[in-house]
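For the protein sequence lines, the chains are A and B, in the order given. 1 is the number of the first residue of the first sequence in full-length UniProt numbering; add one for each residue after it. 1 is the number of the first residue of the second sequence in full-length UniProt numbering; add one for each residue after it. Just below is one structure, and these are the notes that go with it.
There are 2 protein chains.
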Amino acid sequence: MNEMKSAFNASCFNCGLQKICFPTGLLKTDIDRLDDIVERKSPLKKNQHLYEAGQKFTSIFAIRAGAVKLYSYSDLGEEIVHGFYLPGDVVGFDGLIENAYLYNAVALDSTSVCNLPFDQLSELSLKIPNLNQQILTVMSKKMHDGRMHSELLIKRNADQRVAQFIWNMAERYKNRGYAYDEFRLSILHRDVALYLGLTPETVSRILAKFNADHIVSWKKKEVIIYNEKLLKNIAGISSCEVCKEAG
Amino acid sequence: MNEMKSAFNASCFNCGLQKICFPTGLLKTDIDRLDDIVERKSPLKKNQHLYEAGQKFTSIFAIRAGAVKLYSYSDLGEEIVHGFYLPGDVVGFDGLIENAYLYNAVALDSTSVCNLPFDQLSELSLKIPNLNQQILTVMSKKMHDGRMHSELLIKRNADQRVAQFIWNMAERYKNRGYAYDEFRLSILHRDVALYLGLTPETVSRILAKFNADHIVSWKKKEVIIYNEKLLKNIAGISSCEVCKEAG
DNA sequence: CGGTGCGTTGAAACAGCTCAAGGCTTGTGG
DNA sequence: CCACAAGCCTTGAGCTGTTTCAACGCACCG
Numbered sequence: 001m002n003e004m005k006s007a008f009n010a011s012c013f014n015c016g017l018q019k020i021c022f023p024t025g026l027l028k029t030d031i032d033r034l035d036d037i038v039e040r041k042s043p044l045k046k047n048q049h050l051y052e053a054g055q056k057f058t059s060i061f062a063i064r065a066g067a068v069k070l071y072s073y074s075d076l077g078e079e080i081v082h083g084f085y086l087p088g089d090v091v092g093f094d095g096l097i098e099n100a101y102l103y104n105a106v107a108l109d110s111t112s113v114c115n116l117p118f119d120q121l122s123e124l125s126l127k128i129p130n131l132n133q134q135i136l137t138v139m140s141k142k143m144h145d146g147r148m149h150s151e152l153l154i155k156r157n158a159d160q161r162v163a164q165f166i167w168n169m170a171e172r173y174k175n176r177g178y179a180y181d182e183f184r185l186s187i188l189h190r191d192v193a194l195y196l197g198l199t200p201e202t203v204s205r206i207l208a209k210f211n212a213d214h215i216v217s218w219k220k221k222e223v224i225i226y227n228e229k230l231l232k233n234i235a236g237i238s239s240c241e242v243c244k245e246a247g
Numbered sequence: 001m002n003e004m005k006s007a008f009n010a011s012c013f014n015c016g017l018q019k020i021c022f023p024t025g026l027l028k029t030d031i032d033r034l035d036d037i038v039e040r041k042s043p044l045k046k047n048q049h050l051y052e053a054g055q056k057f058t059s060i061f062a063i064r065a066g067a068v069k070l071y072s073y074s075d076l077g078e079e080i081v082h083g084f085y086l087p088g089d090v091v092g093f094d095g096l097i098e099n100a101y102l103y104n105a106v107a108l109d110s111t112s113v114c115n116l117p118f119d120q121l122s123e124l125s126l127k128i129p130n131l132n133q134q135i136l137t138v139m140s141k142k143m144h145d146g147r148m149h150s151e152l153l154i155k156r157n158a159d160q161r162v163a164q165f166i167w168n169m170a171e172r173y174k175n176r177g178y179a180y181d182e183f184r185l186s187i188l189h190r191d192v193a194l195y196l197g198l199t200p201e202t203v204s205r206i207l208a209k210f211n212a213d214h215i216v217s218w219k220k221k222e223v224i225i226y227n228e229k230l231l232k233n234i235a236g237i238s239s240c241e242v243c244k245e246a247g
């Protein structure tokens with residue numbers, strides 16, 4: 001297993017995403033213990049599934065590189081997109097309820113993950129109270145994200161939704177220390193539309209408008225933010241109500 | 001403290017909501033230990049707050065009777081309604097992230113709750129692994145509820161949203177062993193509208209229609225379901241696509 | 001008994017959807 | 001390496017469900 005670790009040149013201690021993954025930080029000795037249970041497999045190819053709905057729940061997964069989409073199907077067979085996950089994000093909590101995953105997790109790009117077998121993790125978390133707390137915090141953060149998503153769907157119109165989505169992605173890259181005014185985003189517009197409760201046509205029209213207004217362009221998986229302030233403003237982040245006109 | 005318990009004639013062991021509160025059940029000895037940390041205060045009056053956004057996070061709360069609304073305000077000052085909670089439901093997890101509650105929890109009716117001080121609860125949960133598991137399960141169930149809410153907002157039109165909301169409430173009463181075709185629902189239509197991402201006018205029109213069609217009536221906080229099948233059908237629960245016409 | 005907040009109803013406006021057709025990528029097989 | 005197919009994106013025109021605005025009724029509470 002140590003070979004494997006070195007093969008992937010990875011350990012929790014050296015991982016730049018540690019602060020995102022388990023935010024408030026653990027003691028070095030505790031990190032080492034966590035490290036011992038982490039399994040790092042070879043990366044997933046694009047369109048490969050990390051797990052599928054109905055599979056037995058075994059692990060939660062921390063994403064190290066790439067991007068993952070969580071989705072499922074409604075009773076009527078429509079695809080529901082639950083969210084997009086980036087390096088440092090943790091997925092798999094949907095498996096906790098029924099001891100089987102509720103959603104499908106698919107790689108949108110070449111993606112590598114850290115596999116955290118849950119029985120070992122929860123055993124360890126009994127010995128490291130802080131870890132237990134971390135897990136709860138990560139989960140409750142996820143709950144809050146969900147609430148933000150609902151707020152978006154309830155209160156925002158199409159322009160605001162798209163702007164907020166792009167800015168949200170940018171901010172997540174920012175928090176991870178990556179460039180955020182210009183980044184790769186391997187998400188289909190179709191999937192964004194599903195996630196935002198819009199049609200692909202509407203998303204397309206709005207992106208065309210944003211591009212024409214030199215606010216942001218998103219072409220061929222490449223996002224470039226030209227006017228951060230305006231983008232945030234449309235998204236409803238800033239409280240400046242005046243500059244709205246400019247859009 | 002024992003006096004207080006007997007005063008409210010309550011203990012986790014005797015509580016009829018045990019299965020809802022911590023579903024898969026704990027050993028009797030463990031329940032007693034849980035019981036010891038539960039504080040039961042005098043009931044909240046209508047419109048009193050159980051907690052408010054920004055308050056220091058101290059406890060999670062299990063609702064014993066009444067109803068609670070969770071809400072907050074968006075950056076632009078709009079009210080966001082996050083959900084409605086009934087006896088057996090647990091609220092307060094929003095406090096975990098920042099060690100302060102994120103939302104406001106207000107009683108919609110005279111409401112009594114069991115107060116579970118979180119530091120004691122998490123200490124106890126280290127000693128009772130199953131309890132720890134229960135907490136995670138309750139949380140992940142909440143996450144799933146949130147997802148269902150998003151799905152509703154993304155995929156369903158106004159009729160379906162209202163129907164699904166009412167049926168969802170009915171089902172929750174059913175699960176608790178109460179009458180579910182006729183029950184009290186002390187939620188303002190205004191609040192339902194906010195929760196469903198609709199306007200009060202739209203909700204009103206739809207309820208009028210449902211009433212005219214003898215599907216369900218909701219007047220003066222009293223819900224009566226006349227045609228369960230049709231209601232479920234409109235809500236998109238049943239898979240029978242044919243009977244749709246009848247509506 | 002009059003106010004205040006909630007619910008109802010109607011008419012008009014509009015945001016986003018649907019349907020349709022065409023263009024552009026990307027991947028695959030000859 | 002080219003040709004072709006499949007999937008995704010774009011653009012336009014018309015339609016429809018929901019909102020908006022406004023006015024009124026009703027119930028509850030002081």
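Note that beta-carbon positions come from the ideal geometry of N, C-alpha and C, so glycine has one too.
For the pair the stretch 92–105 of chain B and the stretch 46–56 of chain B, tell me if three or more CB-CB distances fall below 8 angstroms.
Result yes; three or more Cβ-Cβ pairs closer than 8 angstroms.
Any beta-carbon of chain A closer than 8 angstroms to the one on residue 248 of chain B?
Given that chain B is displayed from residue 1 to residue 247, the structure contains no residue 248 of chain B and the question cannot be resolved.
Using three-state DSSP, classify Ala179 of chain A as helix, strand or coil.
The count along the first sequence starts at 1 and reaches residue 179 of chain A at position 179. Secondary structure of Ala179 of chain A (DSSP, three-state): coil.
Check each candidate in A:Ser11, A:Asn168, A:Gly16 and name the one with the smallest Cα separation from His149 of chain A.
Taking the first residue of the first sequence as 1, we reach residue 149 of chain A at position 149. Per the Cα distances, A:Asn168.
What residue range is occupied by the uninterrupted alpha helix (DSSP H) comprising Tyr195 of chain A?
As a working mapping, residue 195 of chain A is identified with position 195 in the first sequence. Note, Tyr195 of chain A: alpha helix (DSSP H), 189–196.
For a test of the three-state rule: what should DSSP assign to His82 of chain A, helix, strand or coil?
Position 82 of the first sequence, counted from the start, is the residue given in the question as residue 82 of chain A. Strand, per DSSP.
So if DSSP puts Ile224 of chain A in a beta bridge, which residue, or which two residues, is it bridged to?
The residue given as residue 224 of chain A occupies position 224 in the first sequence. DSSP lists A:Glu182, A:Ser217 as partners of Ile224 of chain A.
Is Ala179 of chain B buried or exposed, if buried means 16 or more other CB atoms sit within 10 Å of its CB?
To locate residue 179 of chain B, count along the second sequence from 1; it is residue 179. Label assigned to Ala179 of chain B: exposed.
In chain order, what are the residue ranges of uninterrupted beta strand (DSSP E) at least 3 long that sit wholly in the stretch 83–170 of chain B?
DSSP runs (the beta strand (DSSP E)) wholly in the stretch 83–170 of chain B: 104–107, 112–117.
Compute the Euclidean distance between the alpha carbons of Lys28 of chain B and Val68 of chain B, then round it to the nearest angstrom.
The count along the second sequence starts at 1 and reaches residue 28 of chain B at position 28. The count along the second sequence starts at 1 and reaches residue 68 of chain B at position 68. For Lys28 of chain B and Val68 of chain B, the distance between alpha carbons rounds to 29 angstroms.
When the Cα of Val106 of chain A is compared with those of A:Leu207, A:Ile37, A:Gln48, A:Ser217, which residue comes out closest?
The count along the first sequence starts at 1 and reaches residue 106 of chain A at position 106. For the set A:Leu207, A:Ile37, A:Gln48, A:Ser217, the Cα lying nearest the Cα of Val106 of chain A is the one of A:Gln48.
Along the chain, where does the alpha helix (DSSP H) containing Ala212 of chain A start, and where does it finish?
Your numbering for residue 212 of chain A matches position 212 in the first sequence. Where Ala212 of chain A is concerned, the enclosing alpha helix (DSSP H) stretches over 200–212.
Per-residue DSSP class, three states only, for Ile60 of chain B:
Counted from its first residue, the second sequence places residue 60 of chain B at position 60. The answer is strand: DSSP assigns Ile60 of chain B an E or B state.
Report yes if the CB atom of Ile206 of chain A is closer than 8 angstroms to the CB atom of Val162 of chain A, and no otherwise.
Taking the first residue of the first sequence as position 1, residue 206 of chain A is located at position 206. Taking the first residue of the first sequence as position 1, residue 162 of chain A is located at position 162. Contact: yes.
Counting along the chain, where does the alpha helix (DSSP H) carrying Lys28 of chain B start and finish?
Mapped onto the second sequence, residue 28 of chain B falls at position 28. Note, Lys28 of chain B: alpha helix (DSSP H), 28–37.
May I ask which residues mark the beginning and end of the alpha helix (DSSP H) holding Lys69 of chain A?
The residue you call residue 69 of chain A lines up with position 69 of the first sequence. Premise fails: Lys69 of chain A lies in the beta strand (DSSP E), 68–73, not in any alpha helix (DSSP H).
Where does Leu231 of chain A fall in DSSP's three states?
Taking the first sequence and counting its residues from 1, one reaches residue 231 of chain A at position 231. In the structure shown, Leu231 of chain A adopts helical secondary structure according to DSSP, grouped into three states.
Output yes or no for whether 8 angstroms exceeds the beta carbon distance between Thr111 of chain B and Ile60 of chain B.
The residue you call residue 111 of chain B lines up with position 111 of the second sequence. The residue you call residue 60 of chain B lines up with position 60 of the second sequence. The answer is no: Cβ separation not under 8 angstroms.
Going by C-alpha distance, which of B:Glu78, B:Leu76, B:Tyr73, B:Ala65 is nearest Val90 of chain B?
Stepping through the second sequence from its first residue, residue 90 of chain B is reached at position 90. When B:Glu78, B:Leu76, B:Tyr73, B:Ala65 are compared, the shortest CA-CA separation from Val90 of chain B is found for B:Ala65.
Between Gly54 of chain A and chain B, is there a C-beta pair that is closer than 8 angstroms?
The residue given as residue 54 of chain A occupies position 54 in the first sequence. In terms of beta-carbon proximity, Gly54 of chain A stays away from the interface with chain B, with every pair separated by 8 angstroms or more.
Hey, does Asp75 of chain A have any beta-carbon neighbour from chain B nearer than 8 angstroms?
The count along the first sequence starts at 1 and reaches residue 75 of chain A at position 75. Taking 8 angstroms as the CB threshold, Asp75 of chain A lines the interface with chain B.
Using a Cβ cut-off of 8 angstroms, which residues of the stretch 135–168 of chain A contact any Cβ in chain B, in chain order?
Contact residues of the stretch 135–168 of chain A toward chain B are Ile135, Leu136, Thr137, Met139, Ser140, Lys141, Lys142, Met143, His144, Gly146, Arg147, His149, Ser150, Glu151, Leu153, Ile154, Lys155 (C-beta to C-beta distance below 8 angstroms).
Could you check whether the Cβ of Pro117 of chain B sits closer than 8 angstroms to any Cβ belonging to chain A?
Position 117 of the second sequence, counting from 1, holds the residue named residue 117 of chain B. Output row for Pro117 of chain B: interface = no.
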